[in-house]
Amino acid sequence: MLSPAQGMQVKYSLDFPNSPNGVIEYIVTQAIQTASKGGISGLNFGVGATSRLIPGQNLHGAKIKMLERTYETLSKQFHFVRKSEFRAKLDATEEPLYISYPAHGLGFKGIRAILNFLEN
Numbered sequence: 018m019l020s021p022a023q024g025m026q027v028k029y030s031l032d033f034p035n036s037p038n039g040v041i042e043y044i045v046t047q048a049i050q051t052a053s054k055g056g057i058s059g060l061n062f063g064v065g066a067t068s069r070l071i072p073g074q075n076l077h078g079a080k081i082k083m084l085e086r087t088y089e090t091l092s093k094q095f096h097f098v099r100k101s102e103f104r105a106k107l108d109a110t111e112e113p114l115y116i117s118y119p120a121h122g123l124g125f126k127g128i129r130a131i132l133n134f135l136e137n
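Under the numbering used here, the first residue of the sequence shown is numbered 18, with each subsequent residue one higher.
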């Protein structure tokens, strides 16, 4: 849970079509510096997707292989990693996000919920 004691979250940084390279980076950098001058000790960019799904404990077999391939395909098609790549330019520290689900599986609605979460 984020709070002012833990920093603030950069929720939206807009993209300006046809703007010169580096404009967004400059604007976000200025916002970071302004926050720092205002006493904010940390900023969080929120969750970012990885290029591939990394299975954890008890995840193996055909279902997880299919989920891995599906995730990789969707990640490429919908450019899930763009946010993470942008954050890397700003030298942001990545922290893994673990998703837990019931032993009987997620089902279609559960998988869709995860993908919707990552798209936003």
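Note that beta-carbon positions come from the ideal geometry of N, C-alpha and C, so glycine has one too.
Does the distance from the C-beta atom of F33 to that of V40 stay below 8 Å?
Position 16 of the sequence shown, counted from the start, is the residue given in the question as residue 33. Position 23 of the sequence shown, counted from the start, is the residue given in the question as residue 40. Yes, Cβ-Cβ distance for F33 and V40 is below 8 Å.
Alpha carbons only, please: which of T67, K93, R104 is nearest the one belonging to Y43?
Along the sequence shown, one-based indexing puts residue 43 at 26. Here the closest residue by C-alpha is R104.
Straight-line gap, A52 to V45 (C-alpha atoms, nearest Å):
To locate residue 52, count along the sequence shown from 1; it is residue 35. To locate residue 45, count along the sequence shown from 1; it is residue 28. Rounded to the nearest whole angstrom, the C-alpha separation of A52 and V45 is 10 Å.
Could you tell me the alpha carbon to alpha carbon distance between E102 and S92, rounded to whole angstroms?
What you label residue 102 is simply residue 85 of the sequence shown in a count that begins at 1. What you label residue 92 is simply residue 75 of the sequence shown in a count that begins at 1. The straight-line gap from Cα to Cα measures roughly 13 Å.
Within 8 Å (strictly less), CB to CB, does G39 reach chain B?
Among the chains of the structure shown, chain B does not appear; only one protein chain is present.
If I57 and G24 are in contact, beta carbons under 8 Å, what's the gap, nearest whole angstrom?
The sequence position of residue 57 within the sequence shown is 40, counting from 1. The sequence position of residue 24 within the sequence shown is 7, counting from 1. With 8 Å as the limit, I57 and G24 qualify as a contact, their Cβ atoms being about 6 Å apart.
Using C-beta distances below 8 Å, list every residue in its chain close to L60, excluding the 5 sequence neighbours before and after it, in chain order.
Within the sequence shown, the letter at position 43 stands for residue 60. The answer, listed in chain order, is G24, M25, Q26, V27, I49, A52.
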